[in-house]
Amino acid sequence: MRFKIILILLIFYASLLSEDSEEKLFSFEDETYHSTELSDLLQSYKKKPININTAAENELALIPWLSEKDIQKIISYRVSNKITNLKDLSKIGIDEITVNELSDYITFGASIKLKLKQASRVEFHQPKQYLPSTLKYFQKTILTLNNYKFGFISQKDEGEKDPLDFYSYFMDYSSEHYLKKLLIGKYRLALGQGILFAPKLGMSKSGAATSVPVKKFNLIKPYTSSYEIWELEGAVANIDLSAFNIIPFFSRTSISANLDTLSHITSFNESGLHLDETKKNNVREIIYGLATKYSLTDHSFGLNLAKIYFDHQFSNPARENEYTAISADFMINKSSFPTFGEIAYSQQRIAGVIGSKFGENELRHLLLFRYYEKDFPTWHGNPFSSQSRFDNEVGLYYGMTIIPFEKTKINCYFDLWSFPQTRYFEKMPSVGSEQFIQIERKFDTNSLRISVQHKDKEKYISLDESKIRDFERTTFRADWWQNLDNFRFKTRCDIVTEFLANDDIHRSGILVYEEIKWKIEKLTLIGQISVYHSDILHYMYEHNVDGIMQNSILKGDGAYSYFVSKYNIFKDIELQFKVSDHWNTKDKMRLYLQVISSF
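Below is the structure:
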């Protein structure tokens, strides 16, 4: 009780400074804990903003709120002018809501080059206090010396005894010469639209309806995620021969899998939790291949080949443990009306995605079609799809961004898909659809955002009788921000309904929260209280220490609160702390403590 009284006082006397644009991207995802590559990138830019005057085109393309035409406006303006403030971005034709979203992530002058970055995090989850080793520990160290980067990452989950249960390491060399990059250790690949290789954590749909669905990643990157599976381990290089890039790669690593009595693979352990050491890293995976890319000013074409081998067979006879995968990808008219896609072939199966963006700045469109045959190997891929495993899906996506007048932006999309073959539970073909609209309005000191999402899909649900049912879920969300000097208040109302038409069952729920944030030069305080009354699940994005992207699940009747503090003890050392608790349920408290150093 004392903790809750203190928490209430802290929340009502803390306050808020800048809008969290990431929430627009991530808040409609399901329950999450691991940060995605995009969320890591945005957190990195918050710590070390990107110089808008010197950033390369491919660096600007990674910022999710910038369209291709926005990027061309910035590059053209920089030829004879210097961008000195946010007003300059508005003058060259970038809308004010986008400019506001960029404000935390860009700078207009040279940024400081850091040589050492180190993060150490300890977590305590009260529901897991009875496990043999209660604490969860994570650390990441990256050292930069001229053209070299050296990194070591380790993590131990609750209940695991090995302090190095998971680790990643790398040596990364970069230059402007023909050997553009050489990476030894653990890494990840991102080719084309992500059918063969892409970061496994990432979303396809969000409030940025015409940008996020298009996969845009750096080709090669060290593996710095806490997600304990599907990294590559070995060596990869990017050889730059003018318009041609050649990327040879090799990986030999171990994966934790669930095996049947014949030692055949039934599934992979993607939780990262290893309480039984005999089931840890029990399958060997070997990959080698070559990717090529031919780039012109406004077009690019790629051809990718990979050989994949698992040292155990699969229990599903449709999946081969040794196979070759090939794909071709392209981007045409990048700066005007981009048309992009990737076609892949493996194990006598085809997978493909093709899309096009068109329209002017005030009215932008994205049309995207995908086709993935059942049992196409999905292990390292993550293209646009409506599910985590993307095989056995055919779909059409249409997204639109509208700027009807100054300080107003509308994002909406419609997605229609089918699963042509049977799935694990659904023993017949099934279909689904999703509609989404988000309206944002920025005032002088306040902001308003209204979002509506509707999903309708056929789903296996067990009630009195287990069968495939037509399932509908509608979410209405209203967010209001108010700025008062260094204070910022945010209020949300979240209403969710679910409907099973076959059984005439209606369920609903409501969640309301007040969030307050205060930031001065060295200190940031964030507090939130949520009250909910619901028969169904609410997914709520919440602030956390750096490196965690968290959407929590709330259901039933109760109240939930958290408090986050980030304090720069010294110029280069920041102490971060978070505590959260469910008021009506015992033993649900979570504590996070993290120290970040940058020199």
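Note that my numbering has the sequence shown beginning at 261, numbered continuously upward.
Even glycine gets a Cβ: it sits at the ideal position worked out from N, Cα and C.
* To do: Compare the beta carbon distance of L656 and G462 with 8 Å and say whether it is the shorter of the two.
  => As a first step, residue 656 must be located in the sequence shown, where it is residue number 396. As a first step, residue 462 must be located in the sequence shown, where it is residue number 202. Not in contact: L656 and G462 (Cβ atoms no closer than 8 Å).
* With a cut-off of 8 Å, do at least 3 Cβ pairs link the region 491-505 to the region 432-440? -> yes
* Use the C-beta contact count for G807: other C-beta atoms within 10 angstroms, 16 or more gives buried, fewer gives exposed. => Counting from one through the sequence shown, the residue named residue 807 turns up at place 547. With 16 or more Cβ atoms within 10 Å of its Cβ, G807 is classed as buried.
* **Pair within 8 Å by beta-carbon distance, I603 and S616** => Residue 603 sits at position 343 when you count from the first residue of the sequence shown. Residue 616 sits at position 356 when you count from the first residue of the sequence shown. Going by C-beta atoms, I603 is not nearer than 8 Å to S616.
* **Nearest neighbour of R709, chosen from L853, E718, H793, N671 [CA to CA]** => Position 449 of the sequence shown holds residue 709. Per the Cα distances, N671.
* Asked: Quick one: what's got a C-beta closer than 6 Å to A321's C-beta in the same chain, skipping five residues either side?
  -> Translated into positions along the sequence shown, residue 321 becomes position 61. Excluding sequence neighbours, A321 sits near K476.
* **Status (buried if at least 16 other CB within 10 Å, exposed otherwise) for F703** => To locate residue 703, count along the sequence shown from 1; it is residue 443. Exposed is the call here.
* Report the residue ranges of all beta strand (DSSP E) runs contained in full by the region 539-624; include only those spanning at least 3 residues, in chain order. => 543-555, 560-570, 582-592, 599-606, 609-620
* When A611, I833, E620 are compared against S645, the one with the closest alpha-carbon -> Sequence index remark: in the sequence shown, residue 645 carries index 385 (1-based). Per the Cα distances, A611.
* Please report how far the alpha carbon of E620 lies from the alpha carbon of F636, in whole angstroms. => Counting from 1 along the sequence shown, the entry for residue 620 is found at position 360. Counting from 1 along the sequence shown, the entry for residue 636 is found at position 376. Computed Cα separation, rounded: 37 Å.
* **4 or more residues per run - each alpha helix (DSSP H) lying fully within the region 730-788** => none
* Check whether N541 and S516 have beta carbons under 8 Å apart -> Taking the first residue of the sequence shown as position 1, residue 541 is located at position 281. Taking the first residue of the sequence shown as position 1, residue 516 is located at position 256. Yes, the pair counts as a contact, with Cβ atoms nearer than the cut-off.
* How is I334 classed by DSSP in three states: helix, strand or coil? -> Within the sequence shown, the letter at position 74 stands for residue 334. In the structure shown, I334 sits in a helix (DSSP, three-state: H, G or I).
* Asked: Looking at the structure shown, is V496 part of a helix, part of a strand, or coil, going by DSSP?
  -> The residue you call residue 496 lines up with position 236 of the sequence shown. Note: V496 maps to strand in three-state DSSP.
* Can you have a look at R544 and say buried or exposed, based on whether 16 or more other CB atoms are within 10 angstroms of its CB? => Taking the first residue of the sequence shown as 1, we reach residue 544 at position 284. It is exposed - the Cβ of R544 has fewer than 16 other Cβ atoms within 10 Å.
* **Spatial distance of F747 from S363 (CA atoms)** => Within the sequence shown, numbered from 1, the residue matching residue 747 stands at position 487. Within the sequence shown, numbered from 1, the residue matching residue 363 stands at position 103. Each residue's alpha carbon lies about 17 Å from the other.
* What residues in its chain sit with their C-beta under 6 Å from that of L851, if we drop five residues either side in the sequence? -> On the sequence shown, residue 851 is found 591 positions in, with the first residue counted as 1. Excluding residues within five positions, the ones whose Cβ falls inside 6 Å are F384, V839.
* Asked: Distance, Cα to Cα, P680 vs N505?
  -> Position 420 of the sequence shown, counted from the first residue, corresponds to residue 680. Position 245 of the sequence shown, counted from the first residue, corresponds to residue 505. Near 37 Å, if we compare the C-alpha coordinates of N505 and P680.
* Since D716 contacts E700 with CB under 8 Å, what's their CB separation in whole angstroms? -> Residue numbering aside, residue 716 sits at position 456 when the sequence shown is read from its first letter. Residue numbering aside, residue 700 sits at position 440 when the sequence shown is read from its first letter. Actually they do not touch by this definition, with Cβ atoms about 25 Å apart.
* Enclosing alpha helix (DSSP H) for Q453 [first to last residue] -> In the sequence shown, counting from the first residue as 1, residue 453 sits at position 193. Per DSSP, Q453 belongs to no alpha helix (DSSP H) and is neither H nor E.
* Asked: Do you know offhand how far W741's Cα is from W778's?
  -> Position 481 of the sequence shown holds residue 741. Position 518 of the sequence shown holds residue 778. Distance between the alpha carbons of W741 and W778: 13 Å.
* Reference S794; option with closest CA among W677, E775, D817 -> If you number the sequence shown from 1, residue 794 lands on position 534. Checking every option, the nearest Cα to that of S794 belongs to D817.
* Asked: Given that a residue counts as buried once 16 or more other Cβ atoms are within 10 Å of its Cβ, and exposed if not, what is N804?
  -> Translated into positions along the sequence shown, residue 804 becomes position 544. N804 comes out buried.
* Just the Cα atoms here: how many angstroms apart are S560 and P598? -> To locate residue 560, count along the sequence shown from 1; it is residue 300. To locate residue 598, count along the sequence shown from 1; it is residue 338. C-alpha separation (whole angstroms): 11 Å.
* Asked: Exposed or buried, what is D764 when buried is set at 16 or more other beta-carbons lying within 10 Å of its beta-carbon?
  -> Residue mapping note: residue 764 aligns to position 504 of the sequence shown, counting from 1. Exposed, because fewer than 16 other Cβ atoms sit within 10 Å of the Cβ of D764.
* **Assigned exposure category for N844 - 16 Cβ within 10 Å defines buried** => Mapped onto the sequence shown, residue 844 falls at position 584. Looking at its Cβ environment, which holds fewer than 16 other Cβ atoms inside 10 Å, N844 is exposed.
* To do: In angstroms with no decimal places, state the Cα-to-Cα distance between D832 and K308.
  => Taking the first residue of the sequence shown as position 1, residue 832 is located at position 572. Taking the first residue of the sequence shown as position 1, residue 308 is located at position 48. Cα-Cα distance, rounded: 12 Å.
* **Inter-stretch contact (C-beta, 8 Å, three-pair minimum) for the region 329-339 and the region 349-363** => yes
* Asked: Is it true that the CB of E666 sits closer than 8 Å to the CB of L535?
  -> In the sequence shown, the residue the question calls residue 535 occupies position 275. In the sequence shown, the residue the question calls residue 666 occupies position 406. No, the Cβ-Cβ distance between L535 and E666 is not below 8 Å.
* Can you give the Cα-Cα distance for F570 and S693, rounded to whole angstroms? -> Numbered from 1 along the sequence shown, position 310 holds the residue referred to as residue 570. Numbered from 1 along the sequence shown, position 433 holds the residue referred to as residue 693. Using only the alpha carbons, I get a separation of about 36 Å.
* **Spatial distance of L326 from S707 (CA atoms)** => Numbered from 1 along the sequence shown, position 66 holds the residue referred to as residue 326. Numbered from 1 along the sequence shown, position 447 holds the residue referred to as residue 707. Rounded to the nearest angstrom, the two C-alpha atoms are 20 Å apart.
* Best match in D422, D348, S711, N478 for proximity to A316 [C-alpha to C-alpha] -> Counting from one through the sequence shown, the residue named residue 316 turns up at place 56. Among D422, D348, S711, N478, the Cα nearest to that of A316 belongs to N478.
* Candidates F830, F759, S678, S575: which alpha carbon is nearest I796's? -> Residue 796 sits at position 536 when you count from the first residue of the sequence shown. Of the listed residues, the one whose Cα sits closest to I796 is F759.
* Top-ranked residue by Cα proximity to I310, from A370, I343, Y337 -> By 1-based counting over the sequence shown, the position of residue 310 is 50. I310 has its Cα closest to that of A370, out of A370, I343, Y337.
* Asked: How would you call T314, buried or exposed, if buried means at least 16 neighbouring beta carbons within 10 angstroms?
  -> Taking the sequence shown and counting its residues from 1, one reaches residue 314 at position 54. By the 10 Å Cβ count, T314 comes out exposed.
* Asked: Ordered along the chain, which non-local residues of its own chain (more than five positions away) have a Cβ less than 6 Å from that of T358?
  -> Along the sequence shown, one-based indexing puts residue 358 at 98. If we look at T358 and ignore the five residues flanking it on each side, its Cβ neighbours are W325.
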